[in-house]
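Heads up, the thing below is written out as C-alpha cells.
Numbering (my numbering), first residue to last: 14 to 124.
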C-alpha cells in the first residue's frame, strides 16, 4: 500500500490522477476532466483530491457529484492505497446524451 508508513513508496501525481479520473468516469452520466492531488504537510499521505467533471442533467447534480466522490474515494483507497480525506467535485460542463460513451442514441446516429 502506498500509504504504509513503514515503506517509502511513492506514485507520480499524474499516474494517480489518471486512476482517479477513470474511477470518476465509471459514474453514469459523467466524464472526468482535470484531477489534482494535494499532499499533506509531511508529504506521506494524500489528503485532498480536486476533480472536475462534465455531467448530464438527467439527475440532480448533487447526487451525481456524491457518486463521483464515492468512486474516487474507493479507487484511492482500494486501487492506489492512498488515504484521501476530501474529494472536491466541480461540475463545470454539461454533457449532452449523445456525447456519452456507449450511449445508445449516439451509437444509433452514427453512419
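Positions of the beta carbon are idealized from the N, C-alpha and C atoms, including for glycine.
This one's a predicted model, so the numbers in the text were calculated from it and none came from an experiment.
Residue 104 holds the alpha-carbon nearest to the alpha-carbon of residue 75 among 86, 45 and 104. Looking at the DSSP output, residue 39 shares a beta bridge with no other residue. Collapsing the DSSP output to three states places residue 24 in coil.
Within the same chain, Cβ atoms closer than 7 Å to the Cβ of residue 102 are found at 64, 66, 78, 81 and 82, the five residues on either side in sequence being excluded. For residue 107, the enclosing beta strand (DSSP E) stretches over residues 99-107. Minimum Cα-Cα distance from residue 62 among the listed residues 42, 44, 84 and 72 corresponds to 84. Boundaries of the alpha helix (DSSP H) around residue 75: 74-88.
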